[in-house]
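Inspection log for the structure reproduced underneath, given as structure tokens.
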Amino acid sequence: MQSRKFSIGIDIGGTNTVFGIVNRRGDLLCQSSLPTTGYPHPEALLAAIRSALLPKIEELGQEEFNGIGIGAPGANYYTGEITIAANLHWQLPVALSKLATAAFALPCAITNDAKAAAIGEMTYGAAKGMKDFILITLGTGVGSGFVANGQLIYGHDGFAGELGHTTAVRDGRACGCGRKGCLERYASATGIVATAMEQLASLPQEKQTEQIEDSLFLSWQRQGHITASDIYRAATAGDPLALNTFSYTGRILGQALADAVAITGPQAIILFGGLTQAGHHIFNPVKAYMEEHLLSIYKNKVALLHSLLPQNDAAILGASALAWQDA
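Following our numbering, the residues of the sequence shown are numbered contiguously, the last one being 338.
Written as structure tokens, this is what we have:
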């Protein structure tokens, strides 16, 4: 199996599915996407993906393919099934691994998107050569993958490593999972917007920000709402409200990461996702608060790194890496 040169990576989202063929160096040889919502059942989607990839598979030779890796919401590595996925319209459970193997005549492994990203980072990215690290995805929600001794931690039932649904603020904001105060409600793109809106509502901040063209207050006045991008632009312009929003978000995330370090003792924590595009506005407070709250034996030992996976290709690369790991 080690001599085989290519794998197929598929990332299934609630709206779109992206897929491609990847070699062992992490080069994407081809890629495409399809609307997940356009297929009434997973067999139809897998058939459409195979049809799109077939010319390249035939060109490269089916015998040169190692397997398929799939990242999907609610995917269980152990069972090969999707049992719970609020954003997928298919009738559940779905025996996804078995269906993909039948469609492509190749072995298939599945996991959720954040765990796939962690494997991708270890195979192609910033964690290459590391045996102990944590990957955090900061997007609409907060995902995570924990790697210890070179192995992704799945737990006894396949669902371990949900840092986004640990309690960051006791009795805090309501979360879609049914609990309160989850990290996801504070350290995601939606979470940082909620923090900014709370600050806007707390006092007449137009007096503090009216001289700044890109202030949060003016963005809110013009649009009736704000986005994570608005917060970043306002922070870059020096708006104190936006800077306070990033500082608060960094404190919540930094404290949560300090707790996570105490459990797995990682060499590094790697941040990935749209919120990381804010650069030092998010990295600096996260690093500062993490170091402040670390147990003394861990201080100045854990690197905080930006993902090296290309943002637009990361989902496919992460999924494809699962096939190499499972070989």
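Note that the Cβ used here is the ideal one computed from N, Cα and C, for glycine as well. The model shown is predicted, which means the values in this text are computed figures rather than measured ones.
Within the continuous beta strand (DSSP E) that includes alanine 138, where are the two ends?
Sequence index remark: in the sequence shown, residue 138 carries index 127 (1-based). Per DSSP, alanine 138 belongs to no beta strand (DSSP E) and is neither H nor E.
Contact set for histidine 292: own chain, Cβ-Cβ below 7 Å, skip 5 residues either direction:
As a first step, residue 292 is located in the sequence shown; it is residue number 281 there, counting from the start. If we look at histidine 292 and ignore the five residues flanking it on each side, its Cβ neighbours are Tyr243, Ala246, Phe257.
Counting along the chain, where does the alpha helix (DSSP H) carrying valine 313 start and finish?
One-based indexing of the sequence shown puts residue 313 at position 302. In the DSSP assignment, valine 313 falls outside any alpha helix (DSSP H) and carries neither an H nor an E.
Express the C-alpha separation of valine 153 and leucine 40 in angstroms, rounding to a whole number.
Along the sequence shown, one-based indexing puts residue 40 at 29. Along the sequence shown, one-based indexing puts residue 153 at 142. Leucine 40 and valine 153: Cα-Cα distance of roughly 30 Å.
Identify which residue in Gly261, Ser318, Lys312, Gln322 has its Cα closest to the Cα of alanine 299.
Position 288 of the sequence shown, counted from the first residue, corresponds to residue 299. Measuring from the Cα of alanine 299, the nearest candidate turns out to be Gly261.
Tell me which residue opens and which closes the beta strand (DSSP E) that phenylalanine 170 is part of.
Working through the sequence shown from its first residue, we reach residue 170 at position 159. Neither: phenylalanine 170 is in no beta strand (DSSP E) and is coded neither H nor E.
Local Cβ density within 10 Å of histidine 176, reported as buried at 16 or more and exposed below that
For this step, residue 176 is matched to residue 165 along the sequence shown. With 16 or more Cβ atoms within 10 Å of its Cβ, histidine 176 is classed as buried.
State the DSSP-derived secondary structure class of valine 105, mapped to helix, strand or coil.
Against the sequence shown, residue 105 aligns to sequence position 94. Here valine 105 sits in strand by DSSP.
With C-beta atoms as the reference, is alanine 125 less than 8 Å away from threonine 148?
Locating residue 125 in the sequence shown gives position 114, counting from the first residue. Locating residue 148 in the sequence shown gives position 137, counting from the first residue. Cβ distance < 8 Å, so alanine 125 and threonine 148 count as in contact.
DSSP state of alanine 97, grouped into three classes?
Against the sequence shown, residue 97 aligns to sequence position 86. Alanine 97 falls in the coil class under three-state DSSP.
Quick one: what does DSSP say aspartate 22 is sitting in, helix, strand or coil?
As a first step, residue 22 must be located in the sequence shown, where it is residue number 11. Three-state result, aspartate 22: strand.
Assumed close pair alanine 113, glutamate 92 - CB separation to whole angstroms, cut-off 8 Å
To locate residue 113, count along the sequence shown from 1; it is residue 102. To locate residue 92, count along the sequence shown from 1; it is residue 81. The beta-carbon separation of alanine 113 and glutamate 92, rounded to 14 Å, does not stay under the 8 Å limit for a contact.
Pull up the CB-CB distance for serine 155 and leucine 174, whole angstroms please, since I reckon it's below 8 Å.
If you number the sequence shown from 1, residue 155 lands on position 144. If you number the sequence shown from 1, residue 174 lands on position 163. The pair is a contact, with the Cβ atoms about 4 Å apart (cut-off 8 Å).
Return yes when the Cβ of arginine 35 is within less than 8 Å of the Cβ of tryptophan 335, no when it is not.
Numbered from 1 along the sequence shown, position 324 holds the residue referred to as residue 335. Numbered from 1 along the sequence shown, position 24 holds the residue referred to as residue 35. Between tryptophan 335 and arginine 35, the C-beta spacing is below 8 Å.
Below 8 Å, how does it come out for the stretch 127-145 and the stretch 316-323: are there three or more Cβ pairs, yes or no?
Output reads yes: the stretch 316-323 touches the stretch 127-145.
Can you give me the start and stop residues for the beta strand (DSSP E) that leucine 45 sits inside?
The residue given as residue 45 occupies position 34 in the sequence shown. That run of the beta strand (DSSP E) goes 39-46.
Complete runs of the alpha helix (DSSP H) confined to the stretch 246-316 [at least 4 residues]:
List check, alpha helix (DSSP H) in window: 251-275, 291-304.
Does the stretch 15-26 come into contact with the stretch 325-333, if we say contact requires no fewer than three beta-carbon pairs (one atom in each stretch) closer than 8 Å?
Below 8 Å, enough C-beta pairs join the stretch 15-26 and the stretch 325-333 to call them touching: three or more.
Cross-strand partners of glycine 31 (DSSP beta bridge)
Taking the sequence shown and counting its residues from 1, the one referred to as residue 31 is at position 20. In DSSP, glycine 31 forms a bridge with Gly20, Gln42.
Which whole-angstrom value is the C-beta distance of glutamine 278 and alanine 330, which I expect to be below 8 Å?
Residue numbering aside, residue 278 sits at position 267 when the sequence shown is read from its first letter. Residue numbering aside, residue 330 sits at position 319 when the sequence shown is read from its first letter. Not really, about 24 Å apart at Cβ, beyond 8 Å.
Distance, Cα to Cα, arginine 233 vs glycine 187?
The residue given as residue 233 occupies position 222 in the sequence shown. The residue given as residue 187 occupies position 176 in the sequence shown. One Cα belongs to arginine 233, the other to glycine 187, and the distance between them is close to 29 Å.
Reference phenylalanine 294; option with closest CA among Leu306, Ile280, His304, Ser307
Here residue 294 refers to the residue found at position 283 of the sequence shown. The option with the nearest alpha carbon to phenylalanine 294 is Ile280.
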